[in-house]
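Novice: This is the structure I have questions about; it appears just below.
Residue numbers (our numbering): 60 to 412.
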């Protein structure tokens with residue numbers, strides 16, 4: 060599989076936090092010596108139906124050395140074994156990462172849409188399925204696979220993910236909607252952000268990426284640790300705006316990163332609210348404190364990280380900041396407006412034990 064910026068970002072965040080944690084350990088040594096709602100997801104044709112059920116698979120071919128041939132064989136075999144028609148296969152392109160293909164699938168009347176790719180593919184497919192009665196199934200093929208991790212869907216075992224797609228239950232989850240400055244609204248499933256996180260994505264050298272791959276993002280992240288704070292005003296619902304200097308502002312629909320690290324512990328993907336996190340460390344030691352807070356899941360006394368939650372969030376920055384949606388780097392913006400669409404998307408998940 061090949062890595063790309065849309066899902067490598069989450070590995071970068073985990074790696075940067077891990078690097079900061081190592082620094083924290085060194086500093087400490089020197090100082091010492093620091094239920095979700097689910098419904099049945101039918102896996103057999105409905106009684107009285109004249110035609111077998113059919114799934115569509117929106118596949119990102121750049122994620123596979125074999126262009127997805129193994130996935131095609133496994134999903135087709137699973138469909139036939141369960142009495143479904145052969146899948147409708149639709150591939151993404153650089154111009155259309157999944158939204159148009161999903162709309163096409165819905166127009167053909169499929170009963171299930173599988174997203175086979177990284178976080179960018181999943182976001183595009185999920186956004187197109189928003190508000191429909193057709194569930195999204197995940198066949199993770201990226202590096203981050205954040206939605207799958209947050210929903211406890213297998214991200215490393217294709218056969219297990221396929222079984223969940225056909226035999227799981229449907230869970231209604233929320234979708235976040237973001238407007239950057241005066242641009243058209245966009246949807247996200249995991250997190251939207253301004254500042255450090257997006258800056259790493261946008262500032263990584265293309266030449267370095269071609270030589271060392273994902274490590275290039277780690278290099279860029281470390282170089283950005285000592286960056287300047289940006290003054291922002293953050294308003295959640297009808298609360299009074301809060302002003303502070305930050306390195307990053309994150310708006311989360313769910314809160315886990317790669318490795319199970321809970322960046323936003325209270326975030327739940329079906330609670331009808333967005334969780335905000337502002338990060339304001341200074342230098343390497345400040346990032347080490349952030350890493351300690353995340354790794355130990357202790358937020359007490361960590362004033363570099365502040366949380367809030369609500370249905371609407373407005374962030375106004377003193378100057379344009381880089382932005383990202385589910386790890387996809389976006390254009391710079393001064394204003395980020397986010398809201399929540401409760402229960403707007405059905406996702407096929409494992410059945411409760």
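Cβ atoms here follow ideal geometry from the backbone N, Cα and C, with glycine treated the same way. Model, not experiment: these values are computed from the prediction.
1) Along the alpha helix (DSSP H) that carries residue 170, what are the first and last residues, could you check?
2) In the structure shown, what three-state DSSP assignment does residue 202 receive?
3) Short of 7 Å in beta carbon distance, which residues of its chain neighbour residue 363, apart from the five on each side in sequence? Order them along the chain.
4) How big is the Cα-Cα spacing for residue 176 and residue 125?
5) Would you list, in sequence order, the uninterrupted beta strand (DSSP E) runs of no fewer than 3 residues that lie entirely inside the stretch 128 to 194?
6) Just grab the DSSP bridge partners of residue 234 for me.
7) Measuring alpha carbon to alpha carbon, tell me which of 284, 143 and 245 ends up nearest residue 399.
8) Going by CA-CA distance only, name the one from 378, 250, 171 and 117 that's closest to residue 199.
9) Hey, is the stretch 404 to 412 in contact with the stretch 229 to 236, meaning 3+ C-beta pairs nearer than 8 Å?
10) Go through the stretch 276 to 323 residue by residue and report every complete run of the alpha helix (DSSP H) that reaches 4 residues or more, in order.
11) If distances are taken between C-alpha atoms only, which option among 141, 150, 140 and 110 comes closest to residue 128?
12) DSSP three-state label for residue 258, please.
13) Would you decide whether residue 146 is buried or exposed? Buried here means 16 or more other CB atoms lie within 10 Å of its CB.
14) Is residue 377 closer than 8 Å to residue 290 when the C-beta atoms are compared?
15) With a CB to CB cut of under 7 Å and the five nearest residues on each side skipped, what residues in its chain are close to residue 156?
16) In whole angstroms, what separates the C-alpha of residue 299 from that of residue 375?
17) Just confirm the distance between the C-beta atoms of residue 248 and residue 206, as a whole number of angstroms; I'd bet it's less than 8 Å.
18) By the 10 Å Cβ neighbour count, where 16 or more other Cβ atoms means buried, how is residue 219 classified, buried or exposed?
Specialist: Taking the coordinates as given:
1) Per DSSP, residue 170 lies in no alpha helix (DSSP H) segment and is marked neither H nor E.
2) It is coil, neither helix nor strand.
3) The residues are 338, 339, 340, 345, 348 and 349.
4) Their backbone Cα atoms lie some 14 Å apart in a straight line.
5) Entirely contained in the stretch 128 to 194, the beta strand (DSSP E) runs reaching 3 residues are, in chain order, 147 to 150 and 171 to 176.
6) Answer is 400, bridged to residue 234.
7) Comparing Cα positions, the closest option is 245.
8) Ranking the options by Cα distance to residue 199, first place goes to 117.
9) A contact between stretches requires three or more CB pairs, one per stretch, nearer than 8 Å, and the stretch 404 to 412 meets this requirement with the stretch 229 to 236.
10) Complete alpha helix (DSSP H) runs here, min 4: none at all.
11) For the residues 141, 150, 140 and 110, the minimum Cα distance to residue 128 belongs to 150.
12) Looking at residue 258 - three-state DSSP - the assignment turns out to be helix.
13) By the beta-carbon neighbour count (other beta carbons within 10 angstroms, threshold 16), residue 146 is buried.
14) In contact: residue 290 and residue 377 (Cβ atoms closer than 8 Å).
15) Closer than 7 Å at Cβ, skipping near neighbours: 179, 180 and 183.
16) Inter-residue distance for residue 299 and residue 375 is about 13 Å (C-alpha atoms, whole angstroms).
17) Contact between residue 248 and residue 206 holds, with the beta-carbon distance rounding to 5 Å and staying under 8 Å.
18) Under this definition residue 219 is an exposed residue.
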